[in-house]
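K.L.:
Take this structure, written in structure tokens, and hold onto it; I'll ask about it next.
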Amino acid sequence: MVPLSRGRPLAGDYEITAAEPGRRLAFQVVEGPARPAGEYLLNEVADGTRVRFTLTCSPKA
505 MVPLSRGRPL
515 AGDYEITAAE
525 PGRRLAFQVV
535 EGPARPAGEY
545 LLNEVADGTR
555 VRFTLTCSPK
565 A
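This note's numbering puts the first residue of the sequence shown at 505, with every later residue one more than the last.
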């Protein structure tokens with residue numbers, strides 16, 4: 505599953521576009537009703553790990 509659409513799961517096929525173990529994982533959706541791209545960034549902090557998630561999606565033309 506990939507991002508939610510109005511609170512519901514939105515199925516799609518995706519590919520990993522970047523992987524840096526313990527630091528970064530990026531992906532893009534290649535099949536499905538939407539084609540977002542996303543990224544998880546991991547940073548060590550004093551009391552654990554901070555995770556930042558970003559998602560971009562352009563509307564269909």
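Glycine is no exception: its CB is placed at the ideal position from the N, C-alpha and C atoms. In this text the structure is predicted, and so the values were computed from the model without any measurement.
1) When we look at the beta-carbon of V534 and count the other beta-carbons within 10 Å, is it buried (16 or more) or exposed?
2) Pull up the distance between the alpha-carbon of L529 and that of L559, whole angstroms please.
3) Enumerate in chain order the residues of its own chain whose CB-to-CB distance from A550 is below 6 Å, with the five nearest sequence positions on each side excluded.
P.N.:
Quick answer:
1) For the purposes of this step, residue 534 is identified with residue 30 of the sequence shown, where counting begins at 1. That one is exposed.
2) Here residue 529 refers to the residue found at position 25 of the sequence shown. Here residue 559 refers to the residue found at position 55 of the sequence shown. Their Cα atoms are separated by approximately 12 Å.
3) Locating residue 550 in the sequence shown gives position 46, counting from the first residue. Correct list: empty, nothing qualifies.
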